[in-house]
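In the UniProt record's numbering, the protein residues as written are 7 to 590.
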Amino acid sequence: GSNFRMKVIAMRRTKALKLVLIGALVLLVFYIITQSTSSNETRSAGALVSKVKQKTVFLGNEKLGNFEPPQPPKKSGPGEEGKAYHLSPDKHNEGSSSVSEFGINMVVSDDIAMDRVIPDTRNPECKHWEYPEDLPTVTVVIVFHNEGFSTLMRTVHTVVDRSPPQFLKEVLLVDDFSEKANLKEKLEDYITRWNGKVRLIRNIQREGLIRTRTIGAEEAKGEVVLFLDAHCEVNRNWLPPLLAPIYKDKTTMTVPVIDGIDHETFEYRPVYGANSNFRGIFEWGMLYKESELPPEMERIRDHKSAPYKAPTHAGGLFAIDREYFLSLGAYDPGLLVWGGENFELSFKIWQCGGSIEWVPCSRVGHVYRGFMPYTFGKLAEKKKGPLITINYKRVVEVWFDDEYKEYFYTREPLARYLDMGDISGQLALKEKLQCKPFKWLMENVAYDMLRKYPALPPNTHWGELRSAASSQCLDTMGHPAPGLMGVSHCHGFGNNQLIRLNTEGQLAVGERCIDADTQGIKLIFCRLGTVDGPWQYDETNHVLLHKRLGKCAALHPQNNQLSLLPCDPVNNYQKWTFKQIVPN
Ligand code: LR7
Ligand code: MN
C-alpha cells in the first residue's frame, strides 16, 4: 500500500451513470474499511487504496505539508523550458574543444541561465502528495574532479533554489584533487553568495569518486546525506519525496528518477515517461540495467507515483541516513576510483536488513557524457587489469553466494585472475551485521532478474578465437550490435576478442551474442531470457559448426571476410582455436 497521503484529485464528471458507479464504490470501500482489522491507519480517500492492506502512515499523528512550489514564471533565453540550445557558427570550434576537455559542451552551458526553467517531468499525481513537516535535514554532497564550472554551479543553484530551506542543512562540495584553475579561488569566491550554506572541502590527493563520497558523508552536518553528480539539475519539489521514506525508516535509501540532459545541447528530456516505472537490476557481467517494474509489483501498487522497492541503482544520485550509511561502513574502502560501488552499497543495504526505494515524484536531470573525460591517474598505476572489473570482483566475492559467483566468472572469465586485494574486513562486517545470503535478495527483491538474465551454464571454451589461416582473431571491431564481426591482429587483452562458448552452444563476447547468416558472422543482441545458441566446436578438427544452418565458420582466403561455408575440416580457413588469455 502507499505510504503517503495523497489528496485524490476530485472527480468532476457528473454524469448520472458515473454517480451511480461511484456510489457503489463508496459503499464497497466503506464495507472494506469497516471489515479491515487495522483501525488507526491514515488512508487516502478513494477507491483504489482500500484494495491493499494499508500500513500505518509514518507515526500516525504528524503534521503534513505539501511543499509544492508556485509555478515558476515563463522565461525566454538559451535552454529555457529545457529546449536544445545550438551555438552560433563562430562558437562551434570553441564548443567542440570544450567537449573534448569535459565531455560536455561548456560553451553551451555557459550561455544557459543557472536557474533556467526545466519541464516538470513528474507524474501529475505528484503535486498532491503530502509529507511530514518535520522531515530530517540534509547535506547534499557533490564530489567533483575537473568538472566544468557552470555545470557544477548550476547543480548547486538548482539545489538551493528548489529545496525547502528548512530541510537543506548545507551543500557540501568535495573537490577530488582537481587541477583546473577556475575550480580554485573563483569557486571559493562564487560560493560566498550563499553565506556558508554551501561549503567546500578539498582532498589533498586524488581519491576517486567512491572514497571522496565517503569523505563527504563523514564531513556532512545534516541528518541525511544526499549525493549528486556535479552536472545535475534538480527538478520541482525534488527533495521532500526523497526524505519522507527515510523519515519513516532510517534504513531506507531513496533514489530519484533520473532525466537526461544532452551533453551537446543541454536539452532536458525524461528517459522514461511520467507513467512508466523502471528499476535498477544488472546482468551477470555486472552491467547495470533498468527494467520495467515486474507485473506482480505493479499489481499491488495503488498509485503509479508511489515509491517502490528496487534491487539497485545507477550509483550517482541517492539519499541515505548519514548515521546508517556510516554504520554500514560507508562504501567498501577497498573499491577503486569509479564503478561497482552502486552494487556494493545496494547489496549491503538489502542483505543487511535495509531497503532501497525509487521515488517517481523526485526527478533530477543528469548530463550523460559520451566518454569519461578524466583518467584514473596514479590510482590505476599499480593495478593489473581493469579497475572496474577488480571492483566488481570485490563486490561479488563479498556479497554473492558461490553459485552466483560462478555466473559472474562465466560471463567475465578474466576476473578470476584479477587481484581484488584484501576483503577480510568486508567479510567481517557482513558477519557482524548478520547479513542474509544473496539468494534471499534474488528471491525476495530481484525476483524478476533471472527471467531476463537466467543462470549461465559454464563455458566449454573461452579466450581468443584464432584462425589457423591468418593467425588473426575474431573481433567485434568495436561495432555495436547488430553488426558484422571481423578479424584483426590477436592482441591478447581480451575485450573485443574475448570469445566464450557455453555448454548450450551460445557463442558470446561481452554481453552480446554471435550468430551468422548469409551476410556473414554477426554480433547480435542475446535473446532475453535465453542462454543457448547454434554453435558447436569440434576439438579434433577445430571447426566451428553452425548447427541450425549446417555450415562452418570460415575466413575467406581472398578477401579476409567471415562467412559460413559448407564444412571442410581439412581447410585451414575453417580451423579455429581458442587460446586462453591471461592478464599481464
Ligand atoms: O576520480 C573521480 N573523482 C570524482 O570526484 C572521478 C569522478 N569524480 C566525480 C565526478 O566529477 C562526478 O561528479 O564523481 C562524479 C561521478 O562521476 P561521473 O559523472 O564521471 O560518473 P558517471 O555519471 O559516468 O557514472 C555513474 O557511475 C559511476 C560509477 O562509479 C558513479 O556512481 C556516478 O555517480 C554514476 N552516475 C549516475 O548514476 C548518474 C546517472 C546515470 C548514469 C550513468
Ligand atoms: Mn555523471
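Glycine included, C-beta positions come from ideal geometry on N, C-alpha and C. Being a predicted model, the structure only gives us computed values, none of them experimental.
Self-check item: Inside the stretch 306 to 360 only - beta strand (DSSP E) runs reaching at least 3 residues
Solution: Those beta strand (DSSP E) runs which fall completely within the stretch 306 to 360 and span 3+ residues are 324 to 327.
Self-check item: Exposure of Ala312, with buried meaning 16 or more beta-carbon neighbours within 10 Å
Solution: The residue is buried, with at least 16 neighbouring Cβ atoms inside 10 Å.
Quiz prompt | Three or more C-beta pairs below 8 Å linking the stretch 263 to 281 and the stretch 175 to 194 | solution = Contact between the stretch 263 to 281 and the stretch 175 to 194 is not established, with fewer than three Cβ pairs separated by less than 8 Å.
Quiz item: Would Asp126 pass as a contact of Arg217 if the rule is Cβ separation under 7 Å?
Solution: No, the pair does not count as a contact, with Cβ atoms beyond the cut-off.
Quiz item: What residue from Cys441, Pro84, Lys69 and Phe288 has the CA that sits closest to Gly457's CA?
Solution: Going by the sequence as given, residue 457 is Arg instead of Gly. In this structure, Phe288 is the residue among Cys441, Pro84, Lys69 and Phe288 with its C-alpha nearest to the C-alpha of Arg457.
Self-check item: Beta-carbon spacing of Ala487, Ile530 below 7 Å
Solution: Here Ala487 is near Ile530, since their CB atoms are less than 7 Å apart.
Quiz prompt | Beta-carbon proximity list for Trp244, same chain, < 8 Å, skipping 5 on both sides | solution = Excluding residues within five positions, the ones whose Cβ falls inside 8 Å are Arg168, Ser169, Pro262, Ser368, Arg369 and Val370.
Quiz item: Can you round the beta-carbon distance between Leu550 and Gln525 to whole angstroms, since I take them to be within the 8 Å contact cut?
Solution: Beta-carbon to beta-carbon, Leu550 and Gln525 are separated by about 17 Å, too far to satisfy the 8 Å threshold.
Quiz item: DSSP three-state call for Ala421: helix, strand or coil?
Solution: Here Ala421 sits in helix by DSSP.
Quiz prompt | Continuous alpha helix (DSSP H) stretch holding Tyr398: start and end | solution = Annotation: the continuous alpha helix (DSSP H) that includes Tyr398 extends over Leu393 to Trp405.
Quiz item: By Cβ distance, which residues of its chain are closer than 7 Å to Leu93, with the 5 residues on each side in sequence left out?
Solution: If we look at Leu93 and ignore the five residues flanking it on each side, its Cβ neighbours are Gly101, Val113 and Val114.
Quiz prompt | Distance cut-off 6 Å: Ile264 Cβ against heavy atoms of the ligand LR7 | solution = For Ile264, the distance from the CB to the nearest heavy atom of the ligand LR7 is below 6 Å.
Self-check item: Validate contact between the stretch 302 to 312 and the stretch 204 to 222 using beta carbons, cut 8 Å, 3 pairs
Solution: Too few Cβ pairs lie closer than 8 Å, so no.
Quiz item: Phe584: buried (16+ other C-beta within 10 angstroms of its C-beta) or exposed?
Solution: Buried is the call here.
Quiz item: Do you know how far the Cα of Val373 is from the Cα of Gly345?
Solution: Rounded to the nearest angstrom, the two C-alpha atoms are 17 Å apart.
Self-check item: Closest by C-alpha distance to Asp283, when choosing among Val105, Gly109 and Ile264
Solution: The sequence shown places Asn at residue 283, not Asp. Selected option, being the one with the closest Cα: Ile264.
Self-check item: Start and end residues, alpha helix (DSSP H) containing Arg217
Solution: First-last of the alpha helix (DSSP H) with Arg217: Gly214 to Glu225.
Quiz prompt | For Ser473 and Lys581, the rounded distance between their alpha carbons | solution = Inter-residue distance for Lys581 and Ser473 is about 6 Å (C-alpha atoms, whole angstroms).
Quiz item: So, is Asp327 buried or exposed, given that buried needs 16 or more other C-beta atoms within 10 angstroms?
Solution: Classification of Asp327: buried, given that the 10 Å Cβ count is 16 or more.
Quiz item: Tell me, which residues are paired with Arg518 by DSSP?
Solution: Paired residues: Val515 and Phe531.
Self-check item: Residue closest to Glu136, alpha-carbon to alpha-carbon, out of Ile148, Val451, Ala250 and Glu270
Solution: With distances taken between CA atoms, Glu136 lies nearest to Ala250 out of Ile148, Val451, Ala250 and Glu270.
Exercise. Please name the residue, chosen from Gln172, Phe173, Pro171 and Val165, that lies closest to Leu179 on a Cα-to-Cα basis.
Key: With respect to the C-alpha of Leu179, the residue from Gln172, Phe173, Pro171 and Val165 having the closest C-alpha is Val165.
Self-check item: Closer than 7 Å: residues whose CB approaches a heavy atom of the ligand MN
Solution: Listed along the chain, these residues meet the criterion: Asp235, His237, Gly322, His372, Val373 and Arg375.
Quiz item: Looking at the unbroken alpha helix (DSSP H) that takes in Thr145, where does it start and where does it end?
Solution: For Thr145, no alpha helix (DSSP H) encloses it; the enclosing beta strand (DSSP E) starts and ends at Val144 to Phe150.
Practice problem: Keeping to the same chain, check which residues put their C-beta closer than 7 Å to that of Thr509; ignore five residues upstream and five downstream. | Solution: Short of 7 Å from the beta carbon of Thr509, and not among the five residues preceding or following it, lie these beta carbons of its own chain, in chain order: Pro463, Pro464 and Thr466.
Practice problem: Give the single residue among His134, Glu470, Leu232 and Glu139 whose Cα lies nearest to the Cα of Val147. | Solution: When only C-alpha atoms are compared, the closest one is Leu232.
Quiz item: If you pair each beta-carbon of the stretch 427 to 445 with each one of the stretch 343 to 357, do three or more pairs fall below 8 Å?
Solution: Taking a cut-off of 8 Å on C-beta distances, the stretch 427 to 445 touches the stretch 343 to 357, as three or more cross pairs fall below it.
Self-check item: For Gly492, the first and last residue of its enclosing beta strand (DSSP E)
Solution: Element bounds for Gly492: Gly492 to His495.
Quiz item: To the nearest angstrom, how far is it from the Cα of Tyr543 to the Cα of Gln478?
Solution: Spanning the alpha carbons of Tyr543 and Gln478 requires a straight line of approximately 18 Å.
Quiz item: Taking the alpha-carbon positions, what's the Pro142 to Leu70 distance?
Solution: Cα to Cα, the separation comes out at about 14 Å.
Quiz item: So who's on the other strand from Leu448, going by DSSP bridges?
Solution: Note that residue 448 corresponds to Met in the displayed sequence, not to Leu. Met448 is not bridged to any residue.
Quiz item: Quick one: what's got a C-beta closer than 7 Å to Tyr91's C-beta in the same chain, skipping five residues either side?
Solution: Sequence-distant partners of Tyr91 (beyond 5 residues in either direction) whose C-beta falls short of 7 Å from its own C-beta, in its chain, are Pro84, Gly85, Val114, Asp117, Ile118, Thr271 and Phe272.
Exercise. Return yes when at least one heavy atom of the ligand LR7 lies under 6 Å from the C-beta of Ala187, else no.
Key: For the ligand LR7, not one heavy atom lies less than 6 Å from the Cβ of Ala187.
Quiz item: Which of the three DSSP states, helix, strand or coil, is assigned to Leu245?
Solution: Looking at Leu245 - three-state DSSP - the assignment turns out to be helix.
Exercise. State the Cα-Cα distance for the pair Ile267 and Glu87, rounded to the nearest angstrom.
Key: Roughly 12 Å between the two C-alpha positions.
Quiz prompt | Continuous beta strand (DSSP E) stretch holding Val230: start and end | solution = Unbroken beta strand (DSSP E) run through Val230: Val230 to Leu234.
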